[in-house]
Amino acid sequence: MYRLAARRPFLNKKFGIISTALAASRAMHIQSIPMWEGSHNNYAYLVVDDKSKDAVIIDPANPPEVAPVLKDAIQAGKINLTAIVNTHHHWDHAGGNKKLLAELGTPKLDIIGGKDCEGVTKTPGHGETFKLGDITVKGVHTPCHTQDSICFFMEDGNEKAVFTGDTLFIGGKFPCSPCVNETDWLGCGRFFEGSAAEMHEALNKRLAALPDDTLVYPGHEYTKSNVKFAASVSQRDAVQKLHSYAENNKVTTGKFTIGDEKEHNVFMRVEDPEIHKVTGETEPVAVMTKLREMKNNFKAPESKM
2 MYRLAARRPF
12 LNKKFGIIST
22 ALAASRAMHI
32 QSIPMWEGSH
42 NNYAYLVVDD
52 KSKDAVIIDP
62 ANPPEVAPVL
72 KDAIQAGKIN
82 LTAIVNTHHH
92 WDHAGGNKKL
102 LAELGTPKLD
112 IIGGKDCEGV
122 TKTPGHGETF
132 KLGDITVKGV
142 HTPCHTQDSI
152 CFFMEDGNEK
162 AVFTGDTLFI
172 GGKFPCSPCV
182 NETDWLGCGR
192 FFEGSAAEMH
202 EALNKRLAAL
212 PDDTLVYPGH
222 EYTKSNVKFA
232 ASVSQRDAVQ
242 KLHSYAENNK
252 VTTGKFTIGD
262 EKEHNVFMRV
272 EDPEIHKVTG
282 ETEPVAVMTK
292 LREMKNNFKA
302 PESKM
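Heads up, the sequence shown is in this note's numbering, so the first residue is 2 and it goes up one at a time.
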């Protein structure tokens, strides 16, 4: 079943599931494909234009988990796969490109992504748009985690989604890839190819400028770990609600918006007095740097279960 991209207000007051009601104007279907076996809680995403059936597959790092989904959809006449889209070049996002094309028998399919992605054929400029049927896709360059990191904002009328790779995660951000286990996720704090200033620009200038009702689809399911750190830093109600939600729900991708992130993601609150008090800094880049240092050294409390 496809997950339907659904219009709704951001959820800083109330958490809920994505609506399955099909609006008359909707053309965008989003199916998350968990890759729990071949990577580190990664997601690939199949995005389909309902009218034309044109589709792209985003970050299909592990073909054994992705190819069966695509083959079933292609054979059933549900999709016309037009491209692979990569958010950045790390192996757990772009490392499956060539194997997937071979598996599908489509060696000439476009690969859209940063310049260092495996087999890339097209790299959109910052702010450049292209069409997927009736869906408008915009590349948002967010260099830091890698210098070729690109988030992809998609819009169909009032329906909006952004695929953020390893730049933005629900409740936080992890410069993580490639990691080995949850301890590494919490401990790998360096900006692999960039700086705190670049991450501030990426999160708080470029992604924050997207409409608040844009649903966020990150590259990994890291919310439960992220929010433990956020809850240690901020007592804001939105953070505590996210903490409760993550403890009771394994899947958070596509459930929260850019507006939510401005409320519960401490890395997007670098101008918040509460975060200034915790970090002892007030200048945004200095706050970002301090938060990253704090997260590097953070040890999540052991579960009482």
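Beta carbons are placed, not taken as given, at the ideal position from N, Cα and C, and that holds for glycine.
Please determine if the region 132–141 and the region 91–103 are in contact, where contact requires at least 3 C-beta pairs separated by less than 8 Å. The region 132–141 is not in contact with the region 91–103.
Quick one: residues in its chain with C-beta nearer than 8 Å to the C-beta of G281, no 5 flanking neighbours on either side, listed in chain order? Shown here for G281: same chain residues with a beta carbon closer than 8 Å to its own, the five before and five after excluded, namely K291 in chain order.
Between K229 and H244, what straight-line distance do the alpha-carbon atoms span, to the nearest angstrom? Computed Cα separation, rounded: 7 Å.
Does the Cβ of D50 have 16 or more other Cβ atoms within 10 Å, making it buried, or fewer, making it exposed? Per the 10 Å Cβ criterion, buried.
Spatial neighbours of Q307 within its chain, please: CB distance less than 6 Å, with the 5 preceding and 5 following residues excluded, ordered by chain position. Past the edges of the chain, shown from 2 to 306, lies residue 307, and the structure says nothing about it.
Alpha carbon of R237 to alpha carbon of L71, nearest angstrom: If you take the alpha carbons of R237 and L71, they lie about 41 Å apart.
Determine, using beta-carbon pairs with one atom in the region 111–121 and one in the region 72–79, whether at least three such pairs fall under 8 Å. Verdict: no, contact absent.
Starting from the C-beta of H201, find all residues in its chain whose C-beta is less than 8 Å away, skip the five residues before and the five after it, and write them out in chain order. Cβ neighbours of H201 within its own chain (closer than 8 Å, five residues either side excluded): V271, P285, V286 and M289.
Round the Cβ separation of G166 and H94 to the nearest angstrom and send it over; I've been treating them as touching at under 8 Å. Contact between G166 and H94 is confirmed by a C-beta separation of about 6 Å, below the 8 Å threshold.
For G106 and A231, the rounded distance between their alpha carbons: Using only the alpha carbons, I get a separation of about 45 Å.
In whole angstroms, give me the CA-to-CA distance for K206 and K251. Distance between the alpha carbons of K206 and K251: 30 Å.
In the DSSP assignment, find the unbroken beta strand (DSSP E) run with G134 in it and report its ends. Note, G134: premise wrong, no beta strand (DSSP E); not H, not E.
Inter-residue Cα distance where the pair is E248 and P69: Distance between the alpha carbons of E248 and P69 is about 31 Å.
Out of curiosity, what's the CA-to-CA distance linking T137 and A198? Near 29 Å, if we compare the C-alpha coordinates of A198 and T137.
Could you compute how far the alpha carbon of S150 sits from the alpha carbon of S233? Using only the alpha carbons, I get a separation of about 29 Å.
Would you kindly work out how many angstroms separate the C-alpha atoms of G128 and H142, rounded to a whole number? Distance between the alpha carbons of G128 and H142 is about 8 Å.
Taking D60 and A45 to be in contact with their CB atoms under 8 Å, please state how far apart those CB atoms are, rounded to whole angstroms. That belief holds up - the Cβ atoms of D60 and A45 are roughly 5 Å apart, short of 8 Å.
Counting only the same chain and skipping the five closest in sequence on each side, list residues whose C-beta sits under 8 Å from that of A210. Contacts found: none.
Could you spell out the range, first to last residue, of the beta strand (DSSP E) harbouring N81? Residues N81 to V86.
Please classify N63 as buried or exposed, where buried requires at least 16 other C-beta atoms within 10 Å of its C-beta. So N63 counts as buried.
From M36, T283 and H277, residue whose alpha carbon lies closest to that of E222: Residue nearest to E222 within the set M36, T283 and H277 is M36 (criterion: CA-CA distance).
Evaluate E294 with the Cβ neighbour count: other Cβ atoms within 10 Å of its Cβ, from every protein chain shown; 16 or more gives buried, anything less gives exposed. The residue in question, E294, is exposed, as its Cβ has fewer than 16 Cβ neighbours within 10 Å.
Straight-line CA distance for K161 to H277? One alpha carbon belongs to K161, the other to H277, and they sit about 32 Å apart.
Taking 9 Å as the threshold (C-beta atoms), are C145 and S196 in contact? In this structure, C145 lies closer than 9 Å to S196 by Cβ.
Alpha carbon to alpha carbon, what distance is there between K116 and A28? Their backbone Cα atoms lie some 29 Å apart in a straight line.
Please go through the same chain and pick out, in chain order, the residues whose beta-carbon is closer than 6 Å to the beta-carbon of V121, but skip the five residues on each side of it. Excluding residues up to 5 positions away in sequence, I112 and G114 lie with their Cβ nearer than 6 Å to the Cβ of V121 in the same chain.
Segment limits, alpha helix (DSSP H) that includes I75: Following the DSSP letters along the chain, one finds I75 inside the alpha helix (DSSP H) bounded by residues P64 to Q76.
Bridge-paired residues (DSSP) for V163: Looking at the DSSP assignment, V163 forms a beta bridge with F154 and V217.
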